[in-house]
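Undergrad:
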Amino acid sequence: MPANTAIYWLRNDLRFHDNETLVRALQGHTRVLLVYPLDLRQFEQLPGQEFRKTGVHRAVFLLRALQDLRRRAHDKGTDIAIIPTSAPATALKKVFDQIEAAAIYTQAEITSEETDDEKKVAAALAQDARTGGKAKLISVWGKSLYHPEELSFALNEAPEPFREFRRAVEKLPIRDVHGEPAGIESPPYYYPPTPTLADLGFTEAGNPAYPGGESAGLERLNYYLAGSHLVQRYRSTRNKSLGADYSSKFSPYLALGCLSPREIYRQITDYHLNHKKSAGNGILFEMRWRDFFLYLGVKHGNRIFRPGGFKDKAHDWTEDHDLFERWTQGRTGLPFVDAHLRELRQTGFMSNRGRVNCASFLTRDYKIDWRWGAAWFESCLIDYEVCANWLNWHTQALDIYYTSAPWQGLKYDKKGEYVKTWLPELKELPAPLVHAPWKMDAEGMLNDLDFDLDRDYYRPGIENTKWDWAWNRLKTGDSSSPRRKKKAAAAVKKKT
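Quick note on the working numbering: the sequence shown kicks off at 26 and runs consecutively.
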């Protein structure tokens, strides 16, 4: 048995920088074959729905990330073996036998679809006659900012809620990044071409909002920090929705592992030192949220997919396919919701503010099972990460307050620029009233415009009295926060 040969099983870790799994494989073996089983199950239509588990924008983003990784691998004297398969464990065992490998390395994953494959691979190696069952699947943790070995709590006992988790981790050390290998020696192997969209059964083109791959991720990190200093404006821009610069856009690259969270931390720390600025703390705050969801995924397992969440909360979800289709198509009649959903359909991305509002509308207004919405986001989002997506939906549907789309439109898109970008049929409507065209129609405000609500757009088809309050604010243009006003009034009263 040539103990000098190993397989590195790539999954959501498509990078060479700060890749501890790869480092461990290269330290233990002279030759390492990089293998990416392209799981065809991820592109199948979901049961009971009319869309795929992975939609076209996500598919394009992934294929571009793989192409980029192959280019980078060529510079290191190797390549990536991309193997389309519906049985990753079987495909890996076949390659394992072909090259007479001694071990398989992979980044540890969290949720059941991924861990089930790990169990199958480990079981196949344990029964391998050539190695006498001595070959091992070696999984290495590499998804989070904070490593499990540094935590003050057990891996499956993450503190809740987030504020307790944050207190437990924010002063913990962050491990140093691992250096990128200059070269990789691999055993002889045939490297098939990267599959195309057509190979995956797509007939339409994909147009993800951002380019895929490690190279693009590192370029975005450099641009957002030293290249533009946008990091200094993160807190003031993170709730916007229009353009490429309102937030970091690191999430697509974190999702596929094209960017290491520790590399982001390292560069933000260096930025602090080089520019004497404390910018970036808001990004680190959000990365702790990301870790919180990862560790909640470990803690609660498949309970995060239950209709009542991991707390089994009471629920009465509907299964209205017609309303759900209106929502996915961006035809709800609520412009702030529709604009974000159309951006998602066309680009595979939407802002955090959009995600909150779209989730709130689907679950609180339409009262549709939140898991349908989470599945739609899984299909569409190029930054889909299982724990972050499902637990964010879980939170919005089961834990926190309702968000009123007309009010949110006034607060975050007062001039209507975002809405009119994605809903050009509303371009003639004045802002901020554009966020409630059915109210404009009811009060005769559309009579002098070449716009017919039923011809050119949609009516909500449902009612919510909270929209009436927002409408009064839209007419005055007052976007000040009632909570802040209440707090300010209370403070004045306390002083007097």
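Yeah, the Cβ is synthetic: ideal placement off N, Cα and C, and Gly gets one too.
Got a sec, what are the start and stop residues for the alpha helix (DSSP H) residue 319 sits in?
TA: In the sequence shown, counting from the first residue as 1, residue 319 sits at position 294. Residues 306-325.
Undergrad: Tell me the start and end of each unbroken beta strand (DSSP E) in the stretch 439-477 that is at least 3 residues and wholly inside, in chain order.
TA: Complete beta strand (DSSP E) runs here, min 3: none at all.
Undergrad: Sorted by chain position, which residues of the same chain lie with C-beta nearer than 7 Å to residue 62's C-beta, five sequence neighbours on each side aside?
TA: As a first step, residue 62 must be located in the sequence shown, where it is residue number 37. For residue 62, where only same-chain residues beyond five positions count, the Cβ hits under 7 Å are 108, 110, 113, 116 and 117.
Undergrad: What three-state label does DSSP hand residue 63 in the structure shown?
TA: For the purposes of this step, residue 63 is taken as residue 38 along the sequence shown, with counting starting at 1. If DSSP states are grouped into helix, strand and coil, residue 63 belongs with the strands.
Undergrad: If we count the other Cβ atoms within 10 Å of its Cβ and call it buried at 16 or more, is residue 221 buried or exposed?
TA: Within the sequence shown, residue 221 is the residue found at index 196, counting from 1. Burial call: exposed.
Undergrad: Looking only at C-alpha atoms, which of 490, 85 and 56 sits nearest to residue 371?
TA: Here residue 371 refers to the residue found at position 346 when the sequence shown is read from its first residue. Residue 85 is the option with its Cα nearest to residue 371.
Undergrad: Can you tell which of 257, 281, 274 and 233 has its C-alpha closest to the C-alpha of residue 301?
TA: The sequence position of residue 301 within the sequence shown is 276, counting from 1. Taking only the C-alpha atoms, the option nearest residue 301 is 257.
Undergrad: Which same chain residues, not among the five before or five after residue 27, have their C-beta less than 6 Å away from its C-beta?
TA: Along the sequence shown, one-based indexing puts residue 27 at 2. Note that residue 27 has pLDDT 49, beneath the 50 cutoff, so the model's placement of it is unreliable and the number below is only indicative. Closer than 6 Å at Cβ, skipping near neighbours: 125.
Undergrad: Going by the beta-carbon positions, is the gap between residue 421 and residue 381 smaller than 9 Å?
TA: As a working mapping, residue 421 is identified with position 396 in the sequence shown. As a working mapping, residue 381 is identified with position 356 in the sequence shown. Against a cut-off of 9 Å, the Cβ pair of residue 381 and residue 421 comes out as a contact.
Undergrad: In this structure, does DSSP put residue 110 in helix, strand or coil?
TA: Counting from 1 along the sequence shown, the entry for residue 110 is found at position 85. Residue 110 falls in the strand class under three-state DSSP.
Undergrad: With a 10 Å radius around its C-beta and 16 neighbouring C-beta atoms as the bar for buried, classify residue 132 as buried or exposed.
TA: Residue mapping note: residue 132 aligns to position 107 of the sequence shown, counting from 1. Its Cβ being crowded by 16 or more others within 10 Å, residue 132 is buried.
Undergrad: Check this for me: beta carbons of residue 42 and residue 205, under 9 Å apart or not?
TA: Residue mapping note: residue 42 aligns to position 17 of the sequence shown, counting from 1. Residue mapping note: residue 205 aligns to position 180 of the sequence shown, counting from 1. Going by C-beta atoms, residue 42 is nearer than 9 Å to residue 205.
Undergrad: Using a Cβ-Cβ cutoff of less than 7 Å, which residues in the same chain neighbour residue 219 once the five nearest sequence positions on both sides are dropped?
TA: In the sequence shown, counting from the first residue as 1, residue 219 sits at position 194. Counting only Cβ-Cβ distances below 7 Å, and skipping sequence neighbours, we find 88, 91, 92, 95 and 107.
Undergrad: Assuming residue 250 contacts residue 275 under a Cβ cut-off of 8 Å, what Cβ separation, rounded to an integer in Å, is found between them?
TA: Residue mapping note: residue 250 aligns to position 225 of the sequence shown, counting from 1. Residue mapping note: residue 275 aligns to position 250 of the sequence shown, counting from 1. Not a contact, Cβ separation roughly 11 Å.
Undergrad: Leaving out the 5 sequence neighbours to the left and right, which residues in its chain are closer than 8 Å to residue 414 when beta-carbon positions are compared?
TA: By one-based count along the sequence shown, residue 414 stands at place 389. Contacts found: 399, 402, 403 and 406.
Undergrad: Looking at residue 284 and residue 243, is the spacing between their C-beta atoms short of 9 Å?
TA: The residue labelled residue 243 in the question sits at position 218 within the sequence shown. The residue labelled residue 284 in the question sits at position 259 within the sequence shown. The answer is yes: Cβ separation under 9 Å.
Undergrad: So residue 342 and residue 392 are in contact, right, with Cβ under 8 Å, and what is the actual spacing, rounded?
TA: Against the sequence shown, residue 342 aligns to sequence position 317. Against the sequence shown, residue 392 aligns to sequence position 367. Indeed they touch by this definition, with Cβ atoms about 7 Å apart.
Undergrad: Count Cβ pairs between the stretch 355-369 and the stretch 310-330 that sit closer than 8 Å; are there 3 or more?
TA: Touching, no.
Undergrad: Do residue 82 and residue 232 count as a contact pair if the criterion is CB distance below 9 Å?
TA: Residue numbering aside, residue 232 sits at position 207 when the sequence shown is read from its first letter. Residue numbering aside, residue 82 sits at position 57 when the sequence shown is read from its first letter. Cβ distance < 9 Å, so residue 232 and residue 82 count as in contact.
Undergrad: Taking the DSSP output, what are the residues bridged to residue 33?
TA: Against the sequence shown, residue 33 aligns to sequence position 8. Answer is 59 and 130.
Undergrad: Among 496, 33, 37 and 479, whose alpha-carbon lies nearest the alpha-carbon of residue 432?
TA: For the purposes of this step, residue 432 is taken as residue 407 along the sequence shown, with counting starting at 1. Minimum Cα distance to residue 432 is reached at 496.
Undergrad: Among residues of its own chain, excluding the 5 on either side of residue 267, which ones have a beta-carbon nearer than 7 Å to its beta-carbon?
TA: Position 242 of the sequence shown holds residue 267. Excluding sequence neighbours, residue 267 sits near 442, 443 and 446.
Undergrad: Between the Cα of residue 450 and those of 470, 427 and 483, spot the shortest distance and give me the residue it belongs to.
TA: Taking the sequence shown and counting its residues from 1, the one referred to as residue 450 is at position 425. For the residues 470, 427 and 483, the minimum Cα distance to residue 450 belongs to 483.
Undergrad: Beta carbon of residue 239, beta carbon of residue 396: below 9 Å?
TA: Within the sequence shown, residue 239 is the residue found at index 214, counting from 1. Within the sequence shown, residue 396 is the residue found at index 371, counting from 1. No, the pair does not count as a contact, with Cβ atoms beyond the cut-off.
Undergrad: Under 9 Å between the Cβ atoms of residue 187 and residue 314?
TA: Counting from one through the sequence shown, the residue named residue 187 turns up at place 162. Counting from one through the sequence shown, the residue named residue 314 turns up at place 289. In this structure, residue 314 lies closer than 9 Å to residue 187 by Cβ.
Undergrad: Reducing DSSP to helix, strand and coil, say where residue 161 ends up.
TA: Here residue 161 is taken as the residue at index 136 of the sequence shown, counted from 1. Strand.
Undergrad: Go ahead and label residue 452 buried or exposed: buried means 16 or more other beta carbons lie within 10 angstroms of its beta carbon, across all protein chains shown.
TA: Within the sequence shown, the letter at position 427 stands for residue 452. Residue 452 should be labelled exposed.
Undergrad: Which residues in the same chain as residue 153 place their Cβ atom closer than 7 Å to its Cβ, once the five residues preceding and following it in sequence are excluded?
TA: The residue labelled residue 153 in the question sits at position 128 within the sequence shown. Once the five neighbours on either side are set aside, the close Cβ partners of residue 153 are 160.
Undergrad: What are the start and end residues of the alpha helix (DSSP H) that includes residue 408?
TA: Reading the sequence shown from its first residue, position 383 is the one you call residue 408. Segment: none, residue 408 is in no alpha helix (DSSP H) and carries neither H nor E.
Undergrad: Would you say residue 45 and residue 165 are within 9 Å of each other, going by their C-beta atoms?
TA: One-based indexing of the sequence shown puts residue 45 at position 20. One-based indexing of the sequence shown puts residue 165 at position 140. Their beta carbons are under 9 Å apart, which means residue 45 touches residue 165 by this criterion.
Undergrad: Could you give the residue range of the alpha helix (DSSP H) that holds residue 522?
TA: Summary: the structure shown does not reach residue 522, with the chain confined to residues 26 through 521, and so no result is reported for it.
Undergrad: Return the chain-ordered ranges of every alpha helix (DSSP H) run that is complete within the stretch 340-376 and spans a minimum of 4 residues.
TA: DSSP runs (the alpha helix (DSSP H)) wholly in the stretch 340-376: 346-354 and 360-372.
Undergrad: Assign residue 27 to one of three DSSP states: helix, strand, or coil.
TA: The sequence position of residue 27 within the sequence shown is 2, counting from 1. Summary for residue 27: the model assigns pLDDT 49, below 50, so the residue's position carries little reliability; its value from the coordinates is reported in the next sentence. Looking at residue 27 - three-state DSSP - the assignment turns out to be coil, as it is neither helix nor strand.
Undergrad: Sorted by chain position, which residues of the same chain lie with C-beta nearer than 7 Å to residue 72's C-beta, five sequence neighbours on each side aside?
TA: Here the question's residue 72 lines up with position 47 in the sequence shown. Nothing meets the Cβ criterion.
Undergrad: Considering only their Cβ atoms, is the gap separating residue 150 from residue 162 smaller than 9 Å?
TA: Here residue 162 corresponds to residue number 137 of the sequence shown, with the count starting at 1. Here residue 150 corresponds to residue number 125 of the sequence shown, with the count starting at 1. Contact flag set, yes.
Undergrad: Do residue 79 and residue 58 have their C-beta atoms within less than 9 Å of each other?
TA: For this step, residue 79 is matched to residue 54 along the sequence shown. For this step, residue 58 is matched to residue 33 along the sequence shown. The answer is no: Cβ separation not under 9 Å.
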